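Per this note's numbering, the sequence shown starts with residue 2, numbered consecutively.
Here is the structure we will look at.
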Amino acid sequence: MNIPNAITVARIALVPFFIFLLLISEDANSLERWAGIVVFVLAISTDGIDGAIARRTNTVTNLGKILDPIADKALLGGALLTLSYLGEIDWWITILILARELAVTLYRVIVVKSKVIAATLAGKLKTIFQGIAIGAVLAPFEIWVPAWSFVEQGMLFIALGATLISGLQFFVAANKK
2 MNIPNAITVA
12 RIALVPFFIF
22 LLLISEDANS
32 LERWAGIVVF
42 VLAISTDGID
52 GAIARRTNTV
62 TNLGKILDPI
72 ADKALLGGAL
82 LTLSYLGEID
92 WWITILILAR
102 ELAVTLYRVI
112 VVKSKVIAAT
122 LAGKLKTIFQ
132 GIAIGAVLAP
142 FEIWVPAWSF
152 VEQGMLFIAL
162 GATLISGLQF
172 FVAANKK
């Protein structure tokens, strides 16, 4: 276990704590909700840090290559499911995003022995857009800016679009190899 992998494991370990904080929040401006936002921001920010450290210190491992996308999917998927359960994100958005994630992950697992499909810029951007959109929904800015819900919806649609486009690009590229 090296430092980048430990960071990734810590990100995975934060997911249940984050979800718990959301579920016990009495409202969008409660102490528990703000604690959940802090945990989410901390966890999502480690996504780039672990990879950067691994590349800089030449400690990229197969375990890290497996754990990193699992950590992303656990955090973002857990956030989407919880926020949909709480009525803050429409279920159809969560279902479309998670369907794309499941399809790409299953395809990677099926073809792992015959070919490795590297992460693309589109896939990395979709993760960034998802994190930003979820962060926007988590933060109770509508208390101070009534039109914030329109910003949230716009960010969710951008994240959804990036997710679907990157999924399409993935399957097009995978079938050309």
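All residues carry an ideal CB built from backbone N, CA and C; glycine is no exception.
Bear in mind the structure is a predicted one, so any value in this text is a computation, not a measurement.
Each residue's CA atom was taken as its position, placing LEU76 and ALA100 some 16 Å apart.
Between the C-alpha atoms of LYS127 and VAL152 there is a straight-line separation of about 18 Å. Closest by C-alpha distance to THR106, out of ALA80, ILE71, ILE94, ALA44, is ILE71.
Judged by pairs of C-beta atoms under 8 Å, the region 131-139 touches the region 83-100, as three or more such pairs exist. VAL110 and LEU103 have their C-alpha atoms some 10 Å from each other. Sequence-distant Cβ neighbours of ASN63 in its own chain, meaning closer than 6 Å and more than five residues away, do not exist here. In the three-state reduction of the DSSP assignment, SER31 falls in the coil class, being assigned neither a helical nor a strand state. Taken in chain order, the complete alpha helix (DSSP H) segments of 4 residues or longer contained in the region 110-175 are 122-139. For ALA29, the closest of GLY162, ASN59, ILE144 by C-alpha to C-alpha distance is ILE144. Under the three-state reduction of DSSP output, ASP51 falls in the helix class. Here the C-alpha atom of LEU165 lies approximately 29 Å from the C-alpha atom of ALA55. Excluding its 5 nearest sequence neighbours in each direction, ALA44 has C-beta neighbours in its own chain below 6 Å: ARG12, LEU15, LEU76, listed in chain order. By the beta-carbon neighbour count (other beta carbons within 10 angstroms, threshold 16), GLY132 is buried.
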